[in-house]
Amino acid sequence: MNNQTSRPDDEISLVDLALILVRQWKLMLGVFLAVILLAVVYLVFQPDTYTYTSLYDIAEVEDDEGDIAGLEDPNAVLTRLRTQTLPAEVRTYLENEGLDTLPFEIRANYVEGTRLISLTTQSAEANAEAIESLHQQVFEAVAESQQALVERTRNSLQTRLEGIQTAISETGIADERLTEAAREYDNRLSSLTEGNISQVASRSLEAQGASAGLVIGLAVVLGMIMAVMAAFLRHFMMAVRASLREESN
């Protein structure tokens, strides 16, 4: 009795798979080189992207413990910047420039452990001037808002200090409690510092984004996968055409 079983016609062995790849080597090479060429073209024509960073120092004043602190909570300044100042300044910029949308994105953040608010933008160098202009406008609006608070705080401290000095002058008694209060208000007045823009659209030293090596590496992997897929797809199409011809005959 013959124990050998015949292989179904539609079953493909590893040898058949290897033969398909060998027979379609020209197609595979063409697909692989096409993918590599597209990757090279992408690297050549993709503009370098840089990170532009602007920094704003929040207004400062001496607190009740004698430490220098922000005149406002940095998180409060950041929230107002994100929800009010930045959207308003972007709308104004778009209207002035006749644009519908910005060609870049602006991110506002609080630098932990400091009293700095940052604006960062990743974009091509062609947008550097626009980024600098908009960053400047946004922080000038923040500074203007803080300046009003600085003036109110200065006037309040000045009024209290003058009141204590008047009380000391009228009584003619150097009361220790009043003298200490006057010293504290005077120190707070001296420590009151306006907010300032310390950096505008400073460009990163190196371009951002995927490196050329990474892009080529991904292209090699993708090219190999697509080359194999193209070989089997062509073999399948040829088999279908052959089957249709047999049926027609």
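For the sequence shown, the numbering used here assigns the number -1 to the initial residue and increments by one for each residue that follows. Note that CB positions come from ideal geometry on N, CA and C, so glycine has one too.
By how many angstroms is the C-alpha of Arg78 removed from the C-alpha of Tyr50? Along the sequence shown, read from residue 1 onward, the residue named residue 50 stands at position 52. Along the sequence shown, read from residue 1 onward, the residue named residue 78 stands at position 80. Computed Cα separation, rounded: 22 Å.
Measuring CB to CB, does Arg232 end up less than 8 Å from Leu25? Your numbering for residue 232 matches position 234 in the sequence shown. Your numbering for residue 25 matches position 27 in the sequence shown. Yes, the pair counts as a contact, with Cβ atoms nearer than the cut-off.
Looking only at its chain, what residues have a beta carbon closer than 7 Å to the beta carbon of Gln22, apart from the 5 residues adjacent to it on each side? Stepping through the sequence shown from its first residue, residue 22 is reached at position 24. Around Gln22: Ala229, Arg232, His233.
According to the neighbour-count rule (16 or more other Cβ atoms, all chains shown, within 10 Å of its Cβ), is Arg113 buried or exposed? The count along the sequence shown starts at 1 and reaches residue 113 at position 115. Label assigned to Arg113: buried.
What's the gap between the Cα of Val140 and the Cα of Val148? On the sequence shown, position 142 is the one that residue 140 refers to. On the sequence shown, position 150 is the one that residue 148 refers to. So the two alpha carbons sit approximately 12 Å from each other.
Using a 10 Å radius around the Cβ and a threshold of 16 neighbouring Cβ atoms, would you call Ile254 buried or exposed? There is simply no residue 254 to check, as the chain begins at -1 and stops at 247 in what is shown.
Starting from Ala122 and walking both ways along the beta strand (DSSP E), at which residues does that stretch end? Start at 1 with the first residue of the sequence shown, and residue 122 comes out as number 124. Counting along the chain, the beta strand (DSSP E) containing Ala122 begins and ends at 114 to 122.
Under a Cβ-count criterion, where at least 16 other Cβ atoms within 10 Å of its own Cβ denotes burial, should Ala199 be classed as buried or exposed? Taking the sequence shown and counting its residues from 1, one reaches residue 199 at position 201. Buried.
Exposure label - Gln206; buried when at least 16 CB within 10 Å: Mapped onto the sequence shown, residue 206 falls at position 208. By the neighbour-count rule (16 or more Cβ atoms within 10 Å), Gln206 is not buried but exposed.
Identified DSSP bridge partners for Leu53: In the sequence shown, counting from the first residue as 1, residue 53 sits at position 55. Paired residues: Ser116, Gln197.
Buried or exposed: where does Gly215 fall if 16 or more other Cβ atoms within 10 Å of its Cβ makes it buried? Within the sequence shown, the letter at position 217 stands for residue 215. Burial call: exposed.
For Ser131, which residues in the same chain have their Cβ closer than 8 Å to its Cβ, ignoring the five residues on either side in sequence? To locate residue 131, count along the sequence shown from 1; it is residue 133. Taking Ser131 as the centre and dropping the five residues before and after it, the same chain places the C-beta of Tyr91 closer than 8 Å to its C-beta, in chain order.
Boundaries of the beta strand (DSSP E) in which Glu58 is found, first to last residue: To locate residue 58, count along the sequence shown from 1; it is residue 60. Note, Glu58: beta strand (DSSP E), 58 to 60.
N- and C-terminal bounds of the alpha helix (DSSP H) containing Ile66: For the purposes of this step, residue 66 is identified with residue 68 of the sequence shown, where counting begins at 1. Looking at the DSSP string, Ile66 is not in any alpha helix (DSSP H); the run it does join, the beta strand (DSSP E), is 66 to 68.
Helix, strand or coil: which one does DSSP assign to Thr83? Translated into positions along the sequence shown, residue 83 becomes position 85. Reduced to three states, the DSSP call for Thr83 is helix.
Pull up the distance between the alpha-carbon of Asn94 and that of Glu204, whole angstroms please. Taking the first residue of the sequence shown as position 1, residue 94 is located at position 96. Taking the first residue of the sequence shown as position 1, residue 204 is located at position 206. When rounded, the distance between both Cα atoms is 32 Å.
Nearest-angstrom Cβ-Cβ length linking Tyr108 and Leu84, presumed shorter than 8 Å: As a first step, residue 108 is located in the sequence shown; it is residue number 110 there, counting from the start. As a first step, residue 84 is located in the sequence shown; it is residue number 86 there, counting from the start. At roughly 14 Å, the Cβ-Cβ gap does not stay under 8 Å, so Tyr108 and Leu84 are not in contact.
Tell me, which residues are paired with Gln206 by DSSP? For this step, residue 206 is matched to residue 208 along the sequence shown. In DSSP, Gln206 forms a bridge with Thr47.
Inter-stretch contact (C-beta, 8 Å, three-pair minimum) for the segment 35 to 47 and the segment 162 to 169: no
What number of angstroms, rounded off, separates the C-alpha of Glu174 from the C-alpha of Ala180? Counting from 1 along the sequence shown, the entry for residue 174 is found at position 176. Counting from 1 along the sequence shown, the entry for residue 180 is found at position 182. Those two C-alpha atoms are separated by around 10 Å.
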